[in-house]
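To start, the structure itself, in structure tokens.
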Amino acid sequence: MPADFCIVMPSYRAESVLAATVARLPAAMEVKNGRLIIVNDASPDATGRVADELAEAHPWITVIHHQSNRGYGGAQKTGLREGLRLGCQGFAIVHADGQYAPELVLDLLASILAGEADLVQGSRMLQGGARAGGMPPARYYANRALTALENLAFGTRLAEFHSGYMLYSRRLLEALPFTALQDNFNFDAEIILLAHLAGFPCRERAIPTHYGEESSSLDPIPYGVNVLKMIGRHWLGHYDRLLRETPRSPMDINSPS
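Take any residue in the sequence shown, count from 1 to its spot, add 448: that is its number in this note's numbering.
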């Protein structure tokens, strides 16, 4: 049966946190005809087993296993394609470590499903969420500096480019060549840039965040370098060319995961 919306949960080394994060999703998920798509990105621990156990217990959960690691962006692409195949109209990215409050996902999706927005970003920088949640100072100031550069380069006015709590409409995903974007952690910023260039405004919503003892796969130095490279590619017209030249077709949307 087609789903109204889906949550895509890229999962890597999430054995100890995945079940707890899924338990924090709103109880209305199934009643509201939503799906959770867990993408096990060839995790070397027991993430895949935990995901399969969750799917056995909950019929609204789908698990996709990558045979080789495709990166954070690659896992998102797999989940988004599956959501499109299922007929979803709204899409949310929720991290498996629970850092971005899973409890808020239906509230954040509301404007997407009502047709009021095509891209919503849960922002940690609005209303002091980052500092209150314990974001390390080095990461906080790096985020602010990179966002300032991106706003200047792209002509945007976002509070941050680097929150992973992202929500999309079907209309946006069908219009943008998201499968041509990078497979790393820059996927989120790239899709924001594509949406901006294509005329889809990004709506920001304040979210709380929590920094605990969970490990992160993000290496800040290569990430920052990739942001600078993204700015360079924009100045060279790369993203404009993607919008003009990358074909969008059912074969692209439904390409094998």
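C-beta atoms are modelled at their ideal positions from N, C-alpha and C, and glycine is treated no differently. Values in this document were obtained by computation on a predicted structure and should not be read as measured data.
DSSP three-state assignment for residue i, whether helix, strand or coil
i: L606; result: coil
i: A654; result: strand
i: Y613; result: coil
i: I701; result: Note that I701 scores 49 on pLDDT, short of 50, meaning its location in the model is unreliable and no value can be drawn from it.
i: V542; result: coil
i: F635; result: helix
i: T694; result: coil
i: V479; result: coil
i: Q575; result: helix
i: H513; result: strand
i: G570; result: strand
i: V487; result: strand
i: V673; result: helix
Alpha-carbon spacing of residue i relative to residue j, whole angstroms
i: L624; j: L690; result: 9 Å
i: I701; j: I669; result: Residue placement at I701 is poorly supported in this model, since its pLDDT is 49, which falls under 50; the coordinates are not used for a value here.
i: A471; j: H506; result: 11 Å
i: R592; j: G563; result: 30 Å
i: H514; j: G538; result: 23 Å
i: M699; j: A451; result: Confidence in M699 is poor, its pLDDT being 39 and thus under 50, which makes the residue's placement unreliable; the coordinate value appears in the next sentence. About 20 Å.
i: A462; j: A596; result: 32 Å
i: N634; j: Y671; result: 7 Å
i: G535; j: K525; result: 15 Å
i: I639; j: P585; result: 26 Å
i: P704; j: D688; result: Per-residue confidence for P704 stands at a pLDDT of 45, beneath the threshold of 50, marking its modelled position as unreliable; the derived number appears in the next sentence. When rounded, the distance between both Cα atoms is 26 Å.
i: W683; j: G522; result: 24 Å
i: I485; j: S464; result: 18 Å
i: D493; j: R483; result: 24 Å
i: L641; j: E622; result: 16 Å
i: S459; j: R692; result: 32 Å
i: M457; j: G685; result: 31 Å
i: R587; j: A540; result: 24 Å
i: E707; j: L615; result: The chain is shown only over 449 to 705; residue 707 falls outside these bounds and no answer can be derived.
i: R651; j: M583; result: 22 Å
i: K677; j: A565; result: 29 Å
Exposure of residue i, with buried meaning 16 or more beta-carbon neighbours within 10 Å
i: Y589; result: exposed
i: I455; result: buried
i: E608; result: buried
i: G519; result: buried
i: G647; result: exposed
i: I560; result: buried
i: V673; result: exposed
i: E551; result: exposed
i: S617; result: buried
i: L620; result: buried
i: R724; result: The question about residue 724 has no answer, for the chain in this structure spans 449 to 705.
i: A544; result: buried
i: S516; result: exposed
i: A475; result: exposed
i: L594; result: buried
i: D667; result: exposed
Of the residues the options, the one placed nearest residue i, counting alpha carbons only
i: R653; options: H514, L621, D631 and R572; result: R572
i: W508; options: Y687, I639, E478 and E551; result: E478
i: Q575; options: G563, H513, T657 and H514; result: T657
i: I655; options: N674, G685, G563 and Y548; result: Y548
i: A643; options: F626, N632 and N634; result: F626
i: D636; options: G612, R483 and R651; result: G612
i: A503; options: G535, G521 and L466; result: L466
i: T469; options: F453, Y460, L594 and V542; result: V542
i: G680; options: D631, L600 and L615; result: L600
i: L629; options: F453, A540, G546 and T694; result: T694
i: T510; options: N632, M614, F453 and D566; result: F453
i: T495; options: N481, I512 and K480; result: I512
i: N632; options: P649, L645 and V675; result: V675
Proximity test, Cβ basis, 8 Å: residue i and chain B
i: I669; result: Going by chain labels, chain B is absent from the structure shown, which holds only one protein chain.
Cβ-heavy atom distance, residue i to the ligand PLP, below 7 Å
i: C650; result: Looking at this structure, you won't find the ligand PLP or any other ligand, since it has none at all.
message = Within 8 Å, do at least three Cβ pairs link the stretch 594 to 605 to the stretch 552 to 568?
response = no
ask   = Are the stretch 560 to 571 and the stretch 487 to 507 in contact at 8 Å, needing three or more beta carbon pairs?
value = no
ask   = Should the stretch 521 to 530 be regarded as contacting the stretch 492 to 500, the criterion being three or more beta carbon pairs within less than 8 Å?
value = no
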